[in-house]
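Everything below concerns the one structure shown next.
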Amino acid sequence: MGKINVIPTSIKDLYIIEPQVFGDSRGYFMESYSEQDFKAAGLHMQFVQDNESRSKKGVLRGLHFQTQHTQGKLVRVVEGEVYDVAVDLREDSPTFGKWEGVILSAENKRQFYVPEGFAHGFLVLSDVATFQYKCTDYYAPEYDGGVRWNDPDIGIEWPLEGIEEVCLSEKDQKQPMLKDFVAKGNPFKY
23 MGKINVIPTS IKDLYIIEPQ VFGDSRGYFM ESYSEQDFKA AGLHMQFVQD
73 NESRSKKGVL RGLHFQTQHT QGKLVRVVEG EVYDVAVDLR EDSPTFGKWE
123 GVILSAENKR QFYVPEGFAH GFLVLSDVAT FQYKCTDYYA PEYDGGVRWN
173 DPDIGIEWPL EGIEEVCLSE KDQKQPMLKD FVAKGNPFKY
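What follows is the structure, given as structure tokens:
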């Protein structure tokens with residue numbers, strides 16, 4: 023029971039994961055995470071912290087990362103729908119600065135594995151969304167970093183139709199552009 027479907031993206035080490043869902047007239051059951059299934063699929067990360075956030079429509083959280091104690095994240099939505107994005111910040115990677123986006127929802131039950139060395143963020147598309155993520159390292163606020171959500175050099179195509187206003191934290195309004203982050207000495211090597 024509980025096998026997963028791992029879908030590679032166009033960026034190495036970044037995966038969409040579809041759990042097996044067992045449904046009937048009562049509802050459904052699924053294993054949201056099984057270490058043995060992940061290992062059988064060649065995914066050997068170890069998670070140490072679970073987080074959850076709830077946000078309203080139009081909230082954009084990101085693009086975040088940690089410069090030390092870097093975190094891989096297995097993310098999913100348990101209520102509502104988001105557009106989830108990862109940006110490759112591994113400077114020596116052939117896909118440096120490239121991004122991948124995926125719709126995550128309570129309905130599709132997809133998960134997105136965002137490895138260390140990536141910036142991560144999401145935009146809430148439904149009235150509200152509850153977002154959960156497992157992390158491979160602990161939150162370390164002294165190493166908190168980010169890049170601007172609308173950096174033209176990255177060029178993320180956020181699905182803004184139906185969003186009256188993008189709601190950002192004060193911190194996210196002031197994030198640097200990717201070129202400024204790199205100029206300060208990108209700590210992520212491929």
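Here our numbering is used: the first residue of the sequence shown is 23, the next is one more, and so on. All C-beta atoms in this analysis are idealised placements derived from N, C-alpha and C, irrespective of residue type, glycine included.
Three-state secondary structure assigned by DSSP to residue i
i, result
"residue 95", "strand"
"residue 61", "helix"
"residue 85", "strand"
"residue 35", "coil"
"residue 204", "helix"
"residue 101", "strand"
"residue 40", "strand"
Boundaries of the alpha helix (DSSP H) in which residue i is found, first to last residue
i, result
"residue 194", "192 to 195"
Residue i burial status per 10 Å Cβ neighbour count (16 or more: buried)
i, result
"residue 23", "Note that residue 23 has pLDDT 47, beneath the 50 cutoff, so the model's placement of it is unreliable and the number below is only indicative. Flag for residue 23 reads exposed."
"residue 160", "exposed"
"residue 142", "buried"
"residue 51", "exposed"
"residue 108", "buried"
"residue 57", "exposed"
"residue 68", "exposed"
"residue 33", "buried"
"residue 77", "buried"
"residue 192", "exposed"
"residue 163", "exposed"
"residue 137", "buried"
N-terminal and C-terminal residue of the beta strand (DSSP E) that residue i is part of
i, result
"residue 72", "71 to 78"
"residue 30", "26 to 30"
"residue 55", "Here residue 55 belongs to no beta strand (DSSP E), and DSSP marks it neither H nor E."
"residue 210", "Per DSSP, residue 210 belongs to no beta strand (DSSP E) and is neither H nor E."
"residue 43", "43 to 46"
Through-space distance from residue j to residue i, alpha-carbon basis
i, j, result
"residue 177", "residue 158", "28 Å"
"residue 127", "residue 188", "19 Å"
"residue 212", "residue 95", "Any reading at residue 212 must be qualified, since the residue scores a pLDDT of 46, below 50, and its modelled position is unreliable; the value itself is stated next. Approximately 17 Å between the Cα atoms of the pair."
"residue 179", "residue 38", "18 Å"
"residue 130", "residue 42", "11 Å"
"residue 208", "residue 196", "18 Å"
"residue 146", "residue 99", "10 Å"
"residue 75", "residue 115", "30 Å"
"residue 172", "residue 64", "33 Å"
"residue 168", "residue 85", "5 Å"
"residue 200", "residue 80", "23 Å"
"residue 214", "residue 72", "Given a span of 23 to 212 for the chain in the structure shown, any question on residue 214 remains unanswerable."
"residue 112", "residue 87", "12 Å"
"residue 70", "residue 90", "16 Å"
If we require 3 or more residues per run, which beta strand (DSSP E) segments fall completely within the region 103 to 178? 103 to 110, 121 to 127, 133 to 136, 140 to 146, 150 to 157, 166 to 168
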